Each structure stands twice: as structure tokens, then as C-alpha cells.
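Engineer:
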Amino acid sequence: MRKKDRILKKVLEGLSDNNTSFSDLCHLMIKLGFTERIRGSHHIFSKEGVIEILNIQPKGNKAKAYQVKQIRNLILKYKLSGEIDE
Numbered sequence: 009m010r011k012k013d014r015i016l017k018k019v020l021e022g023l024s025d026n027n028t029s030f031s032d033l034c035h036l037m038i039k040l041g042f043t044e045r046i047r048g049s050h051h052i053f054s055k056e057g058v059i060e061i062l063n064i065q066p067k068g069n070k071a072k073a074y075q076v077k078q079i080r081n082l083i084l085k086y087k088l089s090g091e092i093d094e
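All you need for the working numbering is the position in the sequence shown, starting with 1, plus 8.
(1) Taking the beta carbon of ILE83 as the centre, do at least 16 other beta carbons fall within 10 Å, making it buried, or is it exposed?
(2) Where ARG45 and ILE52 are concerned, what is the direct C-alpha to C-alpha distance, given to the nearest angstrom?
(3) Whose CA, out of ASP13, THR28, LYS17, lies closest to the CA of ALA73?
(4) Just to confirm the assignment, what range does the alpha helix (DSSP H) spanning ARG14 have?
(5) Rounded to a whole number of angstroms, what is the C-alpha to C-alpha distance between SER24 and ASP32?
(6) Check LYS39 in the structure and name its three-state DSSP category.
(7) DSSP state of LYS67, grouped into three classes?
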């Protein structure tokens with residue numbers, strides 16, 4: 009299984025929100041077609057056609073659980089799981 013598929017599966021399953029790597033989460037967002045801006049420790053993701061703008065920050069080298077949940081809900085709401093770029 010490719011890394012991006014593994015990350016997407018992990019996020020969508022929701023079984024390890026507290027144990028998701030921040031860099032993996034950023035990598036997934038970029039593969040889903042989001043553009044990234046960085047302001048200090050804040051990584052801001054936006055995408056045309058998606059109303060929400062996501063602002064995520066690391067907690068050490070892990071992502072914050074509530075932010076992983078926000079991303080999961082966004083993927084499900086906009087049905088983005090099939091749009092991963094090669």
C-alpha cells in the first residue's frame with residue numbers, strides 16, 4: 009500500500025487520531041489538492057470548491073486529534089478520498 013493511501017486510510021478509520029504524524033497529515037492534504045501556506049507553526053490549507061479553510065498546528069511531531077477529526081469530516085463532506093493525485 010502506498011504511503012498516501014495508508015495515511016488516508018488511517019485518517020478515515022479514526023482509530024488513531026492521537027497518533028497521527030503531523031508531516032503525514034500535511035502530505036495527505038497536499039495530495040488531496042489543497043494549497044498550503046505556513047505562518048510560523050500554523051499550516052493553512054485551502055482548496056477551490058471547499059468553503060472551509062483549515063488551520064493546523066503540530067503538537068510535538070504529532071497532529072492534534074481534533075484537527076485530524078476536522079480533516080476526516082472535510083474529506084467525507086466533500087468526498088475527497090478519490091481525488092488523491094499520483
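Ideal Cβ placement from N, Cα and C applies to all residues, glycine included.
Just so you know, these numbers come straight off a predicted model, no measurement behind them.
Structural biologist: With the given structure in hand:
(1) Here ILE83 is buried: its Cβ has 16 or more other Cβ atoms, across all protein chains shown, within 10 Å.
(2) Near 5 Å, if we compare the C-alpha coordinates of ILE52 and ARG45.
(3) Measuring from the Cα of ALA73, the nearest candidate turns out to be THR28.
(4) Run containing ARG14: 11–21, per the alpha helix (DSSP H) assignment.
(5) Approximately 13 Å between the Cα atoms of the pair.
(6) DSSP places LYS39 in helix when its eight states are reduced to three.
(7) In the structure shown, LYS67 sits in a strand (DSSP, three-state: E or B).
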